[in-house]
Amino acid sequence: MLSAAKKVLQFFNIVPTPSNVRDTLEELIEEESNPLDEDNHERTLLRNVLGLRDITAWDVMVPRADIAAIDVKTSIPELGV
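Numbering (the numbering used here), first residue to last: 98 to 178.
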């Protein structure tokens, strides 16, 4: 189990079983979710981490032909940004 997940479960005094860890984390993330809550950023981050299961490396790859390389010594004004 991921150490971050372990810490979240320990914080809420939850003893995980292999079959319910993901469900438990999803429930904790959704529990008392308030868009104005200062923890909303953390909730969004955890939701996105759980969503990584559905993403493959192919989904995030950029074709080499689409990558623009610049010299490390190039200044921002030279880039024309």
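A virtual CB, placed ideally from N, CA and C, is assigned to each residue, including glycine. Since we're looking at a predicted model, the values are computed, not measured.
Reducing DSSP to helix, strand and coil, say where residue i ends up.
{"i": "A162", "result": "helix"}
{"i": "G177", "result": "coil"}
{"i": "S172", "result": "coil"}
{"i": "F108", "result": "helix"}
{"i": "T153", "result": "coil"}
{"i": "I167", "result": "coil"}
{"i": "E127", "result": "helix"}
{"i": "D120", "result": "helix"}
Look at the Cβ atom of residue i, then the Cβ atom of residue j, and state whether they are nearer than 9 Å.
{"i": "R144", "j": "I126", "result": "yes"}
{"i": "L106", "j": "L122", "result": "yes"}
{"i": "A101", "j": "V118", "result": "no"}
{"i": "I164", "j": "L176", "result": "no"}
For the candidate residues the options, whose alpha-carbon lies nearest to that of residue i?
{"i": "L147", "options": "F108, V178, V112, D120", "result": "D120"}
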